[in-house]
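In our numbering, the protein residues as written are 1 to 298.
Structure follows, in structure tokens:
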């Protein structure tokens, strides 16, 4: 049976583990993204530029090679292509070889602990980065070219003064690390291979229910009272990744408390009153909740 090793490459060839290097040397062929397999061009091994799981499966099915090394960036357990590969290649029982992740590498570079950090990916995903920053001392974020949008979102919800570390092209000759504030990132251009560490020393991870009525920004729109909200939310038992709906949201007091509970999910709030929608948006900013979509109905 073919021996298949899915190898976490770490941040570069310099951070490759001894185990990973030994398996690459022993491999008959290499498969992976071009920038990864190019690091071993001096070995003159047959190499295949492929990163989609089904393409890799096709190569494996057609090759006579017995020892196959599939190269993936970073660590195989952190937002890695390895997750899908393990499923697609399950008939071959592939081995997973861990590598140094961008998380451990970057926190070490910044001389920071990461045992309590929340790890998120903002690669084309609707990530609640504001909720993560609100709830955690450290948030580590994988980003693409969307840092300007993330920066604006964090400033909008009141986190512009927080400290942030920006790491670009980690492990490469073009590596750049800078310390700044969220607000100071405005107008800067960043590599598509950029990660962030955001520190919130005043983080608050409470799931709040029965918030005192006077804490909400009020108008002439109806609002569900604190005691009623507390009972409703306890009965709903909303999970962190749930999707919830508030029809006729009014001031948004119920929406706000639903959003606290569904901090990794989404709350859709509807009202036909434009003033109600505006009040809800103001309250979302006050309570640092970016996981709410306010929709004005007919």
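Every residue gets a Cβ at the ideal spot worked out from N, C-alpha and C, and that includes glycine.
Candidates 65, 62, 83 and 63: closest to residue 72 by CA position: It is 83.
Buried or exposed (CB count within 10 angstroms, at least 16 for buried), residue 105: buried
Under 8 Å between C-beta atoms of residue 200 and residue 162: yes
Inside the segment 40-91 only - beta strand (DSSP E) runs reaching at least 3 residues: Listed in chain order, the beta strand (DSSP E) elements of length 3 or more contained wholly in the segment 40-91 are 47-49 and 67-72.
According to DSSP, residues forming a beta bridge with residue 309: Coverage of the chain is limited to positions 1 through 298, which leaves residue 309 absent and any answer about it impossible.
The segment 100-119 / the segment 135-142 touching (three or more Cβ pairs under 8 Å): With three or more CB-CB distances shorter than 8 Å, the segment 100-119 counts as touching the segment 135-142.
For residue 127, three-class secondary structure by DSSP: coil
8 Å contact criterion, which residue 182 and residue 151 should meet: CB distance rounded: Right, their Cβ atoms sit about 6 Å apart.
Cα-Cα separation, residue 129 to residue 262: 13 Å
Option in 57, 23 and 195 with minimal Cα separation from residue 11: 195
Classification of residue 228 by the beta-carbon crowding that lies within 10 angstroms, buried from 16 upward: exposed
Local conformation of residue 260 per DSSP, three classes: The answer is helix: DSSP assigns residue 260 an H, G or I state.
Nearest to residue 144 (by Cα), restricted to the options 270, 237 and 167: 167
Selected residue, minimal CA-CA separation from residue 64, among 276, 268, 164 and 28: 28
Top-ranked residue by Cα proximity to residue 235, from 249, 214, 254 and 7: 254
Simplified DSSP state of residue 244, which is helix, strand or coil: strand
Supposed close pair residue 15, residue 248 - CB separation, criterion 8 Å: Not really, about 54 Å apart at Cβ, beyond 8 Å.
Residue 132 versus residue 294 - alpha carbon distance: 20 Å
Three-state secondary structure (DSSP) of residue 31: strand
Contact check, residue 231 vs residue 275, beta carbons under 8 Å: no
Selection from 260, 112, 239 and 103 that minimises the alpha carbon distance to residue 208: Of the candidates 260, 112, 239 and 103, the residue whose Cα lies closest to the Cα of residue 208 is 260.
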